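Taking my numbering, the leading residue of the sequence shown gets 407, the next gets one more, and so forth. Data first, discussion second: the structure below is written as structure tokens.
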Amino acid sequence: MKWAGMYLVGFLVLICGLLAALWKLGILTSIGTTWTVIGVVIAIGIGIMLAVSNSGSKENIEIDRK
């Protein structure tokens, strides 16, 4: 779970950077608060799904029967 957490933290930093850039350009004021929050929630949800899907190794376990 350590790598999934690091992935999620990096994704959140990316989202914060994008929001800061959009705010500085004045784009967020024309979009509105509601749509901004909806977009952030969707982006965080995608980040969680990607972090979980890429975490851990996917191996098959073989059981020797005697």
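Don't be surprised by glycine CBs; every beta carbon is placed ideally from N, CA and C. Bear in mind the structure is a predicted one, so any value in this text is a computation, not a measurement.
Member of the options whose CA lies at the smallest distance from the CA of residue i
{"i": "Val-443", "options": "Leu-456, Asn-460, Ser-459 and Cys-422", "result": "Cys-422"}
{"i": "Val-446", "options": "Leu-424, Ile-433 and Ala-457", "result": "Leu-424"}
As assigned by DSSP and simplified to three states, the class of residue i
{"i": "Gly-432", "result": "coil"}
{"i": "Ile-444", "result": "helix"}
Cutoff 7 Å; reference residue i; Cβ partners in own chain excluding five residues on either side
{"i": "Ala-449", "result": "Ile-421"}
Residue i classed as buried or exposed, judged by whether at least 16 other C-beta atoms fall within 10 angstroms
{"i": "Ala-426", "result": "exposed"}
Beta-carbon gap between residue i and residue j smaller than 8 Å
{"i": "Phe-417", "j": "Gly-451", "result": "no"}
Beta-carbon proximity list for residue i, same chain, < 8 Å, skipping 5 on both sides
{"i": "Ala-362", "result": "Any question about residue 362 goes unanswered here, given that the chain covers just 407 to 472."}
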